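For the record, the sequence lines run as chains A and B. First residue of the first sequence: 1, per UniProt numbering; consecutive thereafter. First residue of the second sequence: 1, per UniProt numbering; consecutive thereafter. Don't be surprised by glycine CBs; every beta carbon is placed ideally from N, CA and C. Note that the structure is a prediction, hence the values are computed from the model and not measured. Down below is the structure, laid out as structure tokens.
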Amino acid sequence: MDSNAALEYQTFKIPYETLNKQFRETQKSLGRQRARIQDAKNLLDTKLTAEKPITLDEVAAPLAEFKNRVSMMDSLIEKAYEEQADGLHDLQHRAHYLHTGVDGSLTSIEQWMWDKERVDRLVLQHLLRCGHLETARAFAEKTGLGRLCDISIFEKADLVEKSLLNGQTGPCLEWLHEHRSRLRRLTSTFETEIRSHDVMELVREGRRLEALKYVRRFLAQSLQEGNEKIRKLMAAIACGVESKAFRELDSPKGWEELVRLFRMENARIYQLPEQSIFSACLQTGICAHKTPSCAPNANPNCIACDTTVHTLAADLPFANVSNSKLLCGLTGEPLDEKNVPMMLESGRVYGEKAVLQLREGDYIRCPRTNTKTHVKQLARLFIL
Amino acid sequence: MSTGHPEIAETYVQECNLHGRLDEYTAIKDTVGKVIESFRQHNTIPAINYIELNAPQEKRLIFDLVRHQVLELIKQGKKLEALTLSRKLSGLGSDGEVAQIMGALFTKADDTRFNEISSPLAWQQLESRLSEVIFKCKSILPQILETGCQAVPALLNLRSVMAPRQDQIFSSDELPIEIPIEKRYHSTFTCPILRVQTTERNPPYRLRCGHVISKDALEKLASNSRHSLLKCPYCPDESSKDQALRVFL
């Protein structure tokens, strides 16, 4: 799999989904407009083909209306075309940019820049997914990578999230409405969750009759399906704030949970994976450096021994090393046939050359354990 | 921060309420700000002074900073200043490089031989190195992420190939495939019999004949016979399990 195909989900799926949505909306609105034009035409037709002769005035108004609707259609088409052409150009630009980075057409310093930009993009995408909008915006401006990441989607999401944390479901419901066809295809239960919250708020305020009406109006389908949660909700409405049903459904972390669900649904709509690509690359990158000998600050050059990285690496698997590679305990040089590995009585391993250096008369002193090994006790290691 | 975006680090800290992490930086903020600001306007003199004061061992960096400044001055037509400044170059770079820059003083203004050295990307690269030295931290994040960028597609490929045969590609403590990295700083030993890496729990042991296998492999080979005798699978020397010595990597 091409590295771009594996890593650039966020760069492509979001504009792709946006284009899809625009297309669907345009189809619907053009369809509606066509129907209206048809109506106007029919009206005009009936007037013109009527038995008795008619005056110009009588025809003027319907004719004008007809012309109006046709020109509206024209402008709708033009607007949609521009919007979608922009979206397509954007996609093309991104595809081209990503392609140049991997097909070897850049000079070495340009490649350095492209690689650096890739790291920056991963960070930027991660910041956006975590909701750190201010930082993301500043970073995008600084690095000029804003065009390759869809900040606007996350800004909309941020508005919804902030309103949810303020206890308001309005913007969220608007967002739901905007994406309803996609959510329906994903069989999302998010709407039910949000509306349940609204109902709970109404019950909490004692407006139980309104709550009932709300359920009838918006949750009718779930009611019919006999959804467990909805049944409890009805019980809560019936029995009021003090009831067991209400207390079961009510939870103080409610709003934060909703924000979390919202983020998940937002990611699902755009087919983004659960973790950001930054997170995946970070973890696999750490794995590739982790060995069983890594410990905090064990080796200043080893990435996985860095204290921060080590904490992150705690639950991660080791790197796969199919051929053993021993390093000299004194110099850190790799040991091979030219510098064979020797083991002292302490069990520590050094290269032949290092052993000569550590020799004190007939004994070799191990620098790590300070024990002495007689030259005759030196054990050569054969590594396959 | 080492990428030269300290203001963004500040915004991040504020947004996430991580107080106190940037205290050291706030102390040097003003001086450093001026250095970077001038650098971005292609004036490296404050940078040269700062590095000479705080990190004089970075000879290559100083050389490059001086070189960029000389070329910039030549571009601006200030040849005499460039000549004075270029005297600094002599101790810092190789003779060939110094000669090349001295030659630049005498060529025509539109000579393209020096474009590569003073291209905008080259300035950016230099800025990146400057930031690393100023903020005293070389970020390992890019290195980790770049390794990850190679690892993730490889793992995805593996998963798609293995999908019909097994659900999980992570069945042991190790990654299922090997990912090459620049340099390893730890010894690693893979038992030739069981094909797993040795760890603290399963360390390597040296048999009497000199071949090294993991402890688990040793136990397995010895369990088949009484008196814990085993035959080395690679040279048919027989030895006892007790004669095997623990190897400390």
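Please list, in chain order, the chain B residues whose beta carbon lies closer than 9 Å to that of residue i.
i              : result
F12 (chain A)  : Going along chain B, no residue has its Cβ under 9 Å from F12 (chain A), so there is no contact; the nearest lies around 15 Å.
L124 (chain A) : Residues of chain B passing the Cβ test: none, with the nearest at roughly 10 Å.
M342 (chain A) : The contacting residues do not exist; M342 (chain A) stays about 10 Å from chain B at best.
D306 (chain A) : I140
S75 (chain A)  : Those do not exist, as S75 (chain A) stays about 42 Å from chain B at its closest Cβ, beyond 9 Å.
Let me know if residue i comes out buried or exposed under the rule of 16 or more other beta-carbons within 10 Å of its beta-carbon.
i                     : result
E265 (chain A)        : buried
N224 (chain B)        : exposed
R67 (chain B)         : buried
K290 (chain A)        : buried
A136 (chain A)        : buried
A6 (chain A)          : buried
R118 (chain A)        : buried
I237 (chain A)        : buried
S2 (chain B)          : Only weak support exists for where S2 (chain B) lies, its pLDDT of 47 falling under 50; the coordinates are left without a value.
H186 (chain B)        : buried
L53 (chain B)         : exposed
Q69 (chain B)         : buried
G167 (chain A)        : exposed
residue 254 (chain B) : Nothing can be reported for residue 254 (chain B): it is not among the residues displayed for chain B, which extend from 1 to 249.
F139 (chain A)        : buried
K144 (chain A)        : At residue 144 (chain A) the sequence reads Gly, which differs from the Lys that was named. Label assigned to G144 (chain A): exposed.
M342 (chain A)        : buried
N20 (chain A)         : exposed
Y50 (chain B)         : buried
L356 (chain A)        : exposed
I230 (chain A)        : buried
D306 (chain A)        : buried
H177 (chain A)        : exposed
Q224 (chain A)        : exposed
D103 (chain A)        : exposed
T107 (chain A)        : exposed
D120 (chain A)        : buried
Quick one: what's residue i bridged to in DSSP?
i              : result
S214 (chain B) : B:P204
T190 (chain B) : B:Q197
D336 (chain A) : A:N339
H93 (chain A)  : DSSP, once it has assigned bridges, lists no residue as partnering H93 (chain A).
T373 (chain A) : A:I364
Y350 (chain A) : A:M342
R359 (chain A) : A:I364
E238 (chain B) : B:K231
F318 (chain A) : B:E174
A379 (chain A) : A:M343
Under 8 Å Cβ-Cβ, which residues of chain A neighbour residue i?
i              : result
V35 (chain B)  : Per Cβ cutoff of 8 Å: no residues; V35 (chain B) is ~17 Å from chain A at best.
F170 (chain B) : P317
Q124 (chain B) : M113
Against residue i, what residues of chain A qualify as contacts under a CB-to-CB distance less than 7 Å, listed in chain order?
i              : result
E238 (chain B) : Residues of chain A passing the Cβ test: none, with the nearest at roughly 16 Å.
R206 (chain B) : M343, A379, L381
S144 (chain B) : Before going on, a small fix: residue 144 (chain B) reads as Ile here, not Ser. Neighbours of I144 (chain B) on chain A, chain order: L282, G285, I286, I303.
L121 (chain B) : I109, E110, M113
Q197 (chain B) : P292, F318, V321
E200 (chain B) : P292
Round the Cβ separation of residue i and residue j to the nearest angstrom and send it over; I've been treating them as touching at under 8 Å.
i              : j              : result
K215 (chain B) : P203 (chain B) : 6 Å
L219 (chain A) : T189 (chain A) : Not really, about 11 Å apart at Cβ, beyond 8 Å.
I277 (chain A) : L122 (chain A) : 6 Å
F248 (chain B) : V212 (chain B) : Wrong, their Cβ atoms sit about 12 Å apart, outside the cutoff.
E127 (chain B) : F39 (chain B)  : 6 Å
In chain B, which residues lie with their C-beta within 8 Å of the C-beta of residue i?
i              : result
S293 (chain A) : H186, S187, T188, L249
L7 (chain A)   : C149, V152, P153
N299 (chain A) : Y185, H186
Just to make sure I have the definition right: I need the residues of chain A whose C-beta is within less than 9 Å of the C-beta of residue i. Which are they?
i              : result
R246 (chain B) : G347
P192 (chain B) : S324, I383, L384
H211 (chain B) : L381, F382, I383, L384
Does the ligand ATP have even one heavy atom less than 8 Å from the beta-carbon of residue i?
i             : result
R69 (chain A) : By its list of ligands, the structure shown contains no ligand whatsoever, and the ligand ATP lies outside what it can speak to.
For this session: Report the residues of the region 93-120 of chain A with a CB closer than 9 Å to any CB of chain B, ordered along the chain.
Result: Cβ contacts with chain B: T107, I109, E110, W112, M113, D115, K116, R118, V119, D120.
Exercise. Between the region 272-288 of chain A and chain B, which residues of the former have a C-beta closer than 9 Å to a C-beta of the latter?
Worked result: Those residues of the region 272-288 of chain A that come within reach of chain B (Cβ to Cβ, closer than 9 Å) are I277, F278, A280, C281, L282, Q283, T284, G285, I286, C287, A288.
For this session: Select from the region 316-332 of chain A all residues with a C-beta closer than 8 Å to any C-beta belonging to chain B, and list them in chain order.
Result: Those residues of the region 316-332 of chain A that come within reach of chain B (Cβ to Cβ, closer than 8 Å) are P317, F318, A319, N320, V321, S322, N323, S324, K325, L326, L327, G332.
Exercise. Listed from N- to C-terminal order along the chain, which residues in the region 172-186 of chain B have their beta-carbon within a distance smaller than 9 Å of any beta-carbon of chain A?
Worked result: Taking 9 Å as the upper bound on Cβ-Cβ separation, chain A lies near residues S172, D173, E174, L175, P176, I177, E178, I179, P180, I181, K183, R184, Y185, H186 of the region 172-186 of chain B.
For this session: With 7 Å as the limit, tell me which residues of the region 146-169 of chain A have their beta carbon closer than that to any beta carbon of chain B; keep them in chain order.
Result: Residues passing the 7 Å Cβ filter: none.
Exercise. Which residues, in chain order, does the region 181-207 of chain A contribute to contact with chain B at a C-beta distance below 8 Å?
Worked result: In summary, no residue of the region 181-207 of chain A has a CB separated from any CB of chain B by less than 8 Å.
Exercise. At a Cβ cut of 9 Å, what residues of the region 56-68 of chain B count as close to chain A, listed as they run along the chain?
Worked result: Within the region 56-68 of chain B, no residue has a Cβ that lies closer than 9 Å to any Cβ of chain A.
For this session: Could you list the residues in the region 39-51 of chain B with a C-beta less than 8 Å from some C-beta on chain A, going in chain order?
Result: Residues: none.
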